[in-house]
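Q: Below: one structure in structure tokens.
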Amino acid sequence: MSLQEHKNSCDEATMPMFASSNAGDTEPFFAAAALGLGLRGGGGGGGGRDEDLDMEEEEEASPTHLNTSTCGHFLVVSTDKLSARYTGEGRHGNDVGAIQGNRPAPSRRLVYYFEISVKDRGQKGYISIGFTNENFKTSRQPGWDPNSYGYHGDDGKLYHGHGVGDTFGPTFTVGDTIGAGINYASQEFFFTKNGKIIGTTFKDVQLPLYPTFGLHSPNEKVCVNFGQSPFVFDIEALIQEERERRQRAVENVPLPLSISHSIVRAYLLHYGYQDTLAAFDDACGGTFPSILAPKDNDPQVLHENYALNERKILRRLARDGDVDSVFAKLREWYPKLLQDGHSVVGFLLHCQKFIELVKAGALEAAVFYAQQELASFFGSPPLQNLLQDCVALLAYENPAESPVGYLFKLGQREAVADAVNACVMGTNPVLLSSGQSPQSSLEKLLRQLTACQAEMRFFYGGQGEVFRLHKILQGSKDGGW
Amino acid sequence: MGKGEASSKKVITKEEWEKKLNDVKIRKEDMNKLVMNFLVTEGYVEAAEKFQVESGTQPEVDLGTITDRMAVRKAIQCGNMEDAIEKVNDLNPEILDTNPQLFFHLQQQRLIELIRNGKLEEALEFAQEELAPRGEENHAFLEELERTVALLAFEDTSGCPVAELLDLSQRQKTASELNAAILTSQSHEKDPKLPSLLKMLIWAQNQLDEKASYPHINDLVNATLEDPVT
Chain W
1 MSLQEHKNSC
11 DEATMPMFAS
21 SNAGDTEPFF
31 AAAALGLGLR
41 GGGGGGGGRD
51 EDLDMEEEEE
61 ASPTHLNTST
71 CGHFLVVSTD
81 KLSARYTGEG
91 RHGNDVGAIQ
101 GNRPAPSRRL
111 VYYFEISVKD
121 RGQKGYISIG
131 FTNENFKTSR
141 QPGWDPNSYG
151 YHGDDGKLYH
161 GHGVGDTFGP
171 TFTVGDTIGA
181 GINYASQEFF
191 FTKNGKIIGT
201 TFKDVQLPLY
211 PTFGLHSPNE
221 KVCVNFGQSP
231 FVFDIEALIQ
241 EERERRQRAV
251 ENVPLPLSIS
261 HSIVRAYLLH
271 YGYQDTLAAF
281 DDACGGTFPS
291 ILAPKDNDPQ
301 VLHENYALNE
311 RKILRRLARD
321 GDVDSVFAKL
331 REWYPKLLQD
341 GHSVVGFLLH
351 CQKFIELVKA
361 GALEAAVFYA
371 QQELASFFGS
381 PPLQNLLQDC
391 VALLAYENPA
401 ESPVGYLFKL
411 GQREAVADAV
421 NACVMGTNPV
431 LLSSGQSPQS
441 SLEKLLRQLT
451 ACQAEMRFFY
461 GGQGEVFRLH
471 KILQGSKDGG
481 W
Chain B
482 MGKGEASSKK
492 VITKEEWEKK
502 LNDVKIRKED
512 MNKLVMNFLV
522 TEGYVEAAEK
532 FQVESGTQPE
542 VDLGTITDRM
552 AVRKAIQCGN
562 MEDAIEKVND
572 LNPEILDTNP
582 QLFFHLQQQR
592 LIELIRNGKL
602 EEALEFAQEE
612 LAPRGEENHA
622 FLEELERTVA
632 LLAFEDTSGC
642 PVAELLDLSQ
652 RQKTASELNA
662 AILTSQSHEK
672 DPKLPSLLKM
682 LIWAQNQLDE
692 KASYPHINDL
702 VNATLEDPVT
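Going down the list, the sequences are from chains W and B.
For the first sequence, the numbering used here gives the first residue as 1, with consecutive numbering after it.
For the second sequence, the numbering used here gives the first residue as 482, with consecutive numbering after it.
As structure tokens, this is what we get:
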């Protein structure tokens with residue numbers, strides 16, 4: 001491989017992609033979120049139709065190559081920036097050639113890991129691998145100065161903040177592949193040699209940390225693997241083990257089976273899923289007398305049963321797209337809800353009526369309806385996205401296949417039905433006086449779970465996997481579960 | 482900052498915590514999926530069908546495959562254990578062959594049903610001939626057997642210390658265990674996600690306890706937010 005000399009020049013600025021992330025990084029959501037709704041088309045701008053609420057949580061950038069702009073002198077780095085050779089003389093403590101990855105180790109995960117392969121041990125094999133922070137001097141070996149850790153090949157010792165290392169593992173030399181990793185769950189560094197774990201040490205240093213190696217005797221040469229090739233060490237197995245350890249701890253928590261049944265039943269009640277509820281009660285028949293005959297004075301039971309009949313009917317009408325009847329029933333039963341001509345639920349229903357007209361091909365009627373009922377909602381910001389999407393339906397010959405085609409799907413009716421349901425639930429005088437939020441137990445529990453997980457990450461300085469319910473439900477492994 | 486540092490815990494007030502809770506985004510769609518997953522995995526096929534229609538949520542498997550599982554569950558819920566065992570063996574004989582603990586629990590349930598129906602002689606015979614030999618192989622089985630047989634010692638079982646065995650939730654427990662085994666044999670996830678998430682909530686709250694004092698939810702059914710303990 002041809003080696004080309006690099007001095008302190010010629011590289012793009014490094015972009016630390018690390019973002020401090022905690023419960024507070026959630027952006028304000030559509031006003032209707034206060035009603036406990038997850039309305040599509042409400043949150044994001046332009047392209048937000050199939051918007052993923054987790055978008056801001058997407059892949060963190062990882063180191064991909066060596067950072068040649070801050071690396072030590074006496075290093076010659078290959079053009080692919082994945083290997084380095086020492087050309088100095090290694091005479092004193094400040095002519096080390098250390099080099100970092102171009103980005104810090106990503107931290108929103110369980111484990112970060114990289115490897116080096118020793119191609120030439122040079123005169124003395126003064127080769128080291130470890131992690132260093134942004135203030136690290138690349139003229140020094142990783143581990144010699146504070147805020148750096150290094151496992152050194154010539155003596156097999158682990159260095160942290162001193163010129164004297166601790167006994168740690170075997171030495172390493174030409175032909176060996178050495179790995180260094182951060183386990184964010186256990187807050188430890190770990191090192192490997194030729195695919196086997198050498199040892200771990202408590203990570204007593206702040207992020208961000210850069211993967212780093214150091215060379216210090218003539219002709220030493222090392223290649224680095226940031227994951228562009230398969231690792232010698234089975235990192236997936238380690239991650240799997242870490243997950244299973246946590247899963248076992250969670251699964252060992254005792255939980256009466258009937259609790260899940262009660263929560264599901266309350267959920268069906270809460271949203272007025274009448275047929276499902278009947279079938280569920282039927283199937284549970286007699287096996288759960290305690291939930292089939294709930295105590296009448298139980299506040300949540302009273303709450304979930306509130307206006308059940310009315311809510312069942314409204315949901316069915318909304319699900320059938322019969323907006324006129326929903327309006328009629330609401331005016332009859334809950335005139336106050338629609339009194340304010342600009343209520344969110346009224347707006348959603350008007351939009352839905354418009355959508356149903358377009359869907360039925362009654363474009364003229366739709367336009368007329370929009371002029372009559374929707375025009376006055378232009379200009380109230382939280383509702384703009386949905387409104388624009390609705391009107392955009394008119395622009396397409398085949399709206400169902402258009403970018404706003406989601407409006408024709410059943411999910412949109414479901415969202416409207418949920419909004420109506422939430423409004424009716426909100427009229428419960430008990431609820432109003434107690435200041436309780438009109439949410440189902442399930443929703444409250446999921447909020448609590450997500451908030452606890454976010455708070456834990458906050459205490460760990462934003463390290464470790466982010467809990468993402470959505471990913472867990474997709475069966476993905478990296479939802480923090 | 483050291484590992485064992487002694488520090489006073491951070492206190493998060495109810496107001497602060499409620500603000501955090503409100504900032505959490507929960508999708509209705511995801512809750513529907515969670516409920517559908519529960520109905521499918523626990524074998525509530527009719528409820529799953531209705532839920533698909535009412536909420537527009539797609540089940541993750543063909544609902545047809547649940548029917549056989551349902552029949553087995555129903556047999557247990559009706560206390561018809563012989564029927565249940567026969568149906569499982571029709572479905573896949575390996576399920577019971579490879580799972581001695583499950584088989585023992587089914588037999589134990591059969592004994593419970595015999596006692597419930599007052600067939601005491603039959604119950605004793607069954608316990609001695611079918612269950613006792615298994616108890617010899619496994620200490621945990623023996624303890625369970627003794628606990629079950631204790632039901633015979635009480636004329637009025639309603640207040641006795643092992644009365645819970647006669648509770649209908651015991652049938653539910655047995656039905657769920659068998660259901661899970663059938664799911665595993667069909668390479669479907671054996672547990673619904675909801676109970677796991679609830680356990681995770683309890684676990685996460687305990688973990689956070691070490692760092693902060695904040696409003697708990699202890700009553701999962703009502704999801705009541707407690708005041709932080711200070």
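Ideal Cβ positions, reconstructed from N, Cα and C, are used throughout, including at glycine.
To the nearest angstrom, how far is the alpha carbon of Ala370 of chain W from that of Phe519 of chain B?
A: By one-based count along the first sequence, residue 370 of chain W stands at place 370. By one-based count along the second sequence, residue 519 of chain B stands at place 38. Roughly 41 Å separates the two Cα atoms.
Q: Helix, strand or coil for Gly181 of chain W per DSSP?
A: Numbered from 1 along the first sequence, position 181 holds the residue referred to as residue 181 of chain W. The answer is strand: DSSP assigns Gly181 of chain W an E or B state.
Q: Give me, in chain order, the residues of the same chain whose beta-carbon lies closer than 6 Å to that of Ala400 of chain W; leave out the 5 immediate sequence neighbours on both sides.
A: Here residue 400 of chain W refers to the residue found at position 400 of the first sequence. Phe408, listed in sequence order.
Q: Could you tell me the distance, in whole angstroms, from the CA atom of Ser639 of chain B to the CA atom of Gln588 of chain B?
A: Along the second sequence, one-based indexing puts residue 639 of chain B at 158. Along the second sequence, one-based indexing puts residue 588 of chain B at 107. Roughly 22 Å between the two C-alpha positions.
Q: Taking its Cβ as the centre, do 16 or more other Cβ atoms sit within 10 Å of His342 of chain W, making it buried, or is it exposed?
A: Reading the first sequence from its first residue, position 342 is the one you call residue 342 of chain W. His342 of chain W is exposed by the Cβ-count criterion.
Q: Could you name the residues of the same chain whose beta carbon sits closer than 7 Å to that of Leu679 of chain B, not counting the 5 residues immediately before and after it, in chain order?
A: As a first step, residue 679 of chain B must be located in the second sequence, where it is residue number 198. Same-chain partners within the cutoff: Leu701.
Q: State buried or exposed for Asn67 of chain W, treating a residue as buried only when at least 16 other CB atoms are found within 10 Å of its CB.
A: If you number the first sequence from 1, residue 67 of chain W lands on position 67. Result: buried.
Q: Between which two residues does the beta strand (DSSP E) holding Lys193 of chain W run?
A: Working through the first sequence from its first residue, we reach residue 193 of chain W at position 193. Segment 188-193, the beta strand (DSSP E) holding Lys193 of chain W.
Q: Are the region 529-536 of chain B and the region 272-280 of chain W touching by the rule of at least three beta carbon pairs closer than 8 Å?
A: Touching, per the Cβ criterion.
Q: Spatial neighbours of Ser62 of chain W within its chain, please: CB distance less than 6 Å, with the 5 preceding and 5 following residues excluded, ordered by chain position.
A: Walking along the first sequence from the start, residue 62 of chain W turns up at place 62. Hits under 6 Å: Pro106.
Q: Roughly how many angstroms separate the alpha carbons of Glu627 of chain B and Phe584 of chain B, rounded to a whole number?
A: As a working mapping, residue 627 of chain B is identified with position 146 in the second sequence. As a working mapping, residue 584 of chain B is identified with position 103 in the second sequence. For Glu627 of chain B and Phe584 of chain B, the distance between alpha carbons rounds to 17 Å.
Q: Rounded to whole angstroms, what is the Cα-Cα separation between Leu633 of chain B and Gln653 of chain B?
A: Counting from one through the second sequence, the residue named residue 633 of chain B turns up at place 152. Counting from one through the second sequence, the residue named residue 653 of chain B turns up at place 172. Roughly 22 Å separates the two Cα atoms.
Q: Suppose you measure from the CA of Asp11 of chain W to the CA of Ile99 of chain W; what does that come to, to the nearest Å?
A: Translated into the one-based positions of the first sequence, residue 11 of chain W becomes position 11. Translated into the one-based positions of the first sequence, residue 99 of chain W becomes position 99. Confidence at Asp11 of chain W is low in this model, with a pLDDT of 35, below 50, so its placement is unreliable and the value that follows should be read with caution. Distance between the alpha carbons of Asp11 of chain W and Ile99 of chain W is about 14 Å.
Q: Which whole runs of the alpha helix (DSSP H) in the region 374-423 of chain W are 4 residues long or more, in chain order?
A: Correct list: 384-392.
Q: Residues of chain W with CB closer than 7 Å to the CB of Ala528 of chain B, please, in chain order.
A: Taking the second sequence and counting its residues from 1, one reaches residue 528 of chain B at position 47. Under the 7 Å cutoff, chain W gives Thr276, Ala279, Phe280, Ala283.
Q: Just list the alpha helix (DSSP H) runs in the region 536-602 of chain B, keeping only unbroken ones of 4 residues or longer that don't cross its boundaries, in chain order.
A: Listed in chain order, they are 547-558, 562-572, 575-578, 581-597.
Q: Given a cut-off of 8 Å, decide if Phe189 of chain W and Ile178 of chain W are closer than it, judged by their beta-carbon atoms.
A: Position 178 of the first sequence, counting from 1, holds the residue named residue 178 of chain W. Position 189 of the first sequence, counting from 1, holds the residue named residue 189 of chain W. No, they are not a contact pair.
Q: In chain B, what lies closer than 9 Å to Arg319 of chain W by C-beta?
A: Against the first sequence, residue 319 of chain W aligns to sequence position 319. The answer, in chain order, is Val534, Glu535, Ser536, Gly537.
Q: Just checking: is the beta-carbon of Ser650 of chain B within a distance shorter than 8 Å of some beta-carbon in chain W?
A: For the purposes of this step, residue 650 of chain B is identified with residue 169 of the second sequence, where counting begins at 1. Taking Cβ atoms only, chain W reaches closer than 8 Å to Ser650 of chain B, which makes this a yes.
Q: Flag this pair as touching only if the region 376-385 of chain W and the region 342-352 of chain W have three or more C-beta atom pairs under 8 Å; answer yes or no.
A: A contact exists between the region 376-385 of chain W and the region 342-352 of chain W.
Q: Which bits of chain B does Cys423 of chain W rub up against, with CB to CB less than 7 Å?
A: For the purposes of this step, residue 423 of chain W is taken as residue 423 along the first sequence, with counting starting at 1. Simply none; closest approach about 15 Å.
Q: Considering only their Cβ atoms, is the gap separating Ser440 of chain W from Pro306 of chain W smaller than 8 Å?
A: Taking the first residue of the first sequence as 1, we reach residue 306 of chain W at position 306. Taking the first residue of the first sequence as 1, we reach residue 440 of chain W at position 440. Contrary to the premise, residue 306 of chain W reads as Tyr rather than Pro in this sequence. Result no, Cβ atoms of Tyr306 of chain W and Ser440 of chain W do not sit closer than 8 Å.
Q: Nearest chain B C-beta to Arg447 of chain W closer than 8 Å, yes or no?
A: Here residue 447 of chain W corresponds to residue number 447 of the first sequence, with the count starting at 1. It does; some Cβ of chain B falls within 8 Å.
Q: Is the region 221-228 of chain W touching the region 82-98 of chain W in the sense that three or more CB pairs, one from each, lie closer than 8 Å?
A: The region 82-98 of chain W, when compared against the region 221-228 of chain W, does touch it at the 8 Å Cβ threshold.
Q: Between the region 243-256 of chain W and chain C, which residues of the former have a C-beta closer than 7 Å to a C-beta of the latter?
A: The displayed structure is made up of protein chains W and B, and chain C is not among them.
Q: Give a yes or no on whether the C-beta atoms belonging to Glu242 of chain W and Ala185 of chain W are separated by under 8 Å.
A: As a working mapping, residue 242 of chain W is identified with position 242 in the first sequence. As a working mapping, residue 185 of chain W is identified with position 185 in the first sequence. Yes; because the gap between Cβ atoms is below 8 Å, this pair is in contact.
Q: Count the C-beta pairs between the region 669-683 of chain B and the region 412-425 of chain W that are closer than 8 Å, then say yes if the count reaches three, no if not.
A: These segments do not touch.
Q: Can you check DSSP and say which residues form a bridge with Phe213 of chain W?
A: Position 213 of the first sequence, counting from 1, holds the residue named residue 213 of chain W. For Phe213 of chain W, which the question treats as bridged, DSSP gives the partners W:Ile99, W:Ile129.
Q: Would you report the Cα separation of Ala451 of chain W and His162 of chain W, rounded to the nearest angstrom?
A: Counting from 1 along the first sequence, the entry for residue 451 of chain W is found at position 451. Counting from 1 along the first sequence, the entry for residue 162 of chain W is found at position 162. Cα-Cα distance, rounded: 40 Å.
Q: Using a C-beta to C-beta distance shorter than 8 Å, which residues of chain W count as neighbours of Pro676 of chain B?
A: Looking up residue 676 of chain B in the second sequence gives position 195. Within chain W, the residues near Pro676 of chain B are Leu255, Leu257, Ile259, Ser260.
Q: How should His261 of chain W be labelled, buried or exposed, when 16 other C-beta atoms within 10 angstroms of its C-beta is the threshold for buried?
A: Here residue 261 of chain W refers to the residue found at position 261 of the first sequence. With 16 or more Cβ atoms within 10 Å of its Cβ, His261 of chain W is classed as buried.
Q: Which partner residues does Ser694 of chain B have in the DSSP bridge list?
A: If you number the second sequence from 1, residue 694 of chain B lands on position 213. Partner(s): B:Val492.
Q: Three-state secondary structure (DSSP) at Phe172 of chain W?
A: Position 172 of the first sequence, counted from the start, is the residue given in the question as residue 172 of chain W. Phe172 of chain W: coil per DSSP, three-state reduction.
Q: For Arg248 of chain W, which option in B:Pro709, B:Ala704, B:Leu689, B:Trp684 has the closest C-alpha, if you only look at C-alpha atoms?
A: Position 248 of the first sequence holds residue 248 of chain W. Taking only the C-alpha atoms, the option nearest Arg248 of chain W is B:Trp684.
Q: Along the region 692-709 of chain B, where does the CB come closer than 9 Å to a CB of chain W? Name the residues.
A: From the region 692-709 of chain B, only Lys692, Ala693, Tyr695, Pro696, His697, Ile698, Asp700, Leu701, Val702, Asn703, Ala704, Thr705, Leu706 have a Cβ closer than 9 Å to chain W.
Q: For Phe280 of chain W, count neighbouring C-beta atoms within 10 Å of its own C-beta (all shown protein chains included) and say buried if the count is 16 or more, exposed if not.
A: In the first sequence, counting from the first residue as 1, residue 280 of chain W sits at position 280. Buried is the call here.
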